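**Student:** The opening position of the sequence shown corresponds to residue 55 in my numbering, with each subsequent residue numbered one higher. Think of the CB as a built atom: it goes at the ideal place given N, C-alpha and C, for glycine as much as any other residue. A quick note: this is a predicted structure, and the numbers were derived from the prediction, not measured. Let me begin by handing over the structure; questions about it come next.
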Amino acid sequence: MFIPIMAEAHARPQSTRPSQERLNHSPAASIKQDICTHHLVRVSRNRKTGPIPVTTTSANSCPPSCGFKGNGCYAESGPLAIHWRSVSEGRRGHSFDELLEEITTLRRHALWRHNQAGDLAPEAPGVIDAGQLTRLAMANRGRRGFTYTHYPPTPDNQAAILNANRLGFTVNLSAETLVQADAYADLGIAPVVVVLPQGCTKPMRTPAGRQVIVCPASTGNSDCLNCGICQQRDRAAIVGFPAHGRGAERVQAVFFDKSSR
């Protein structure tokens with residue numbers, strides 16, 4: 055997912071479960087989606103998020119259709135990549151059930167960010183595990199969790215995302231162009247975010263006239279703790295994230311290439 059964040063301190067102990075249980079990339083692997091690994095930092099030290107809880111999910115959670123996968127994703131390079139690799143290989147992090155237990159211990163009304171890297175748990179490639187997402191939303195009850203997803207809004211995925219938002223866990227649809235952002239907003243199931251070219255700092259409009267505001271944390275004017283707009287499920291504005299990091303030029307190229315089609 056393309057959202058600005060950097061690596062975190064890792065207070066959780068290493069998992070004792072074998073990494074093969076989570077990541078099996080052999081050709082003979084079952085068509086059933088590999089089990090994901092989850093890691094939670096209770097107090098982020100990243101200046102963009104502020105001191106809120108932040109999670110990371112193993113790379114096998116990312117949908118094949120994401121245009122930034124292996125093509126400029128911020129989490130695949132830089133400091134965060136080291137942590138994400140450890141989680142993806144099963145050397146750091148825990149099971150989904152353990153993640154839910156930790157979420158239920160977060161203080162009431164706490165703002166927390168799910169997936170600084172990674173995406174929602176899949177049932178199969180490109181298909182959100184609706185059951186797990188519902189359980190995550192239920193664990194979040196009384197708290198202000200939010201995340202972003204690059205999963206395609208197929209009918210099944212739409213139903214899972216809409217249900218999570220109705221239960222109070224905010225899932226933002228991540229668009230790769232302004233045209234796609236309009237299409238996602240037209241669905242009416244979730245708030246929308248979109249990647250923007252490098253250096254964007256001022257509000258703009260989509261082709262359909264929707265307002266796009268630039269993430270305040272990206273411009274250095276605030277952080278997630280003091281902003282919280284991405285957690286607002288009923289907002290009308292689309293939040294834009296300028297391409298950044300080592301893969302910024304490739305991310306920007308995706309934006310312009312798909313915008314010209």
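1) Ala302 lies in the beta strand (DSSP E); which residues open and close that run?
2) Check whether the Cβ atoms of Ser272 and Pro296 sit closer than 8 Å, and answer yes or no.
3) Give me the Cβ distance between Gly301 and Gly126, rounded to the nearest whole Å; I'm assuming they're in contact under 8 Å.
4) Using 10 angstroms around the beta-carbon of Ser142, count the other beta-carbons present and answer buried if the total reaches 16, otherwise exposed.
5) Rounded to a whole number of angstroms, what is the C-alpha to C-alpha distance between Ile292 and Ile267?
6) Pull up the distance between the alpha-carbon of Gly269 and that of Glu152, whole angstroms please.
7) Which two residues bound the contiguous beta strand (DSSP E) that contains Leu250?
8) Would you list the residues sitting across from Asn169 in a DSSP beta bridge?
9) On the CB-based measure, 16 or more other CB atoms within 10 Å of its CB, does Asn194 come out buried or exposed?
10) Please work out which residues of its chain come closer than 6 Å, Cβ to Cβ, to Leu250, disregarding the five sequence neighbours upstream and downstream, and give them in chain order.
11) Tell me the residue span of the alpha helix (DSSP H) that contains Glu152.
**Tutor:** In short, the structure shows the following:
1) Membership of Ala302 in any beta strand (DSSP E) is not indicated; the residue belongs instead to the alpha helix (DSSP H) covering Ala302 to Ser313.
2) Yes. Within cutoff.
3) That pair is a contact at about 3 Å.
4) Here Ser142 is buried: its Cβ has 16 or more other Cβ atoms, across all protein chains shown, within 10 Å.
5) Cα to Cα, Ile292 sits roughly 6 Å from Ile267.
6) Checking the sequence, you will find Cys at residue 269 rather than Gly. Rounded to the nearest whole angstrom, the C-alpha separation of Cys269 and Glu152 is 31 Å.
7) Per DSSP, Leu250 belongs to the beta strand (DSSP E) from Val246 to Leu250.
8) According to DSSP, Asn169 bridges with nothing at all.
9) Classification of Asn194: buried, given that the 10 Å Cβ count is 16 or more.
10) The residues are Gly294 and Pro296.
11) Where Glu152 is concerned, the enclosing alpha helix (DSSP H) stretches over Phe150 to Ile157.
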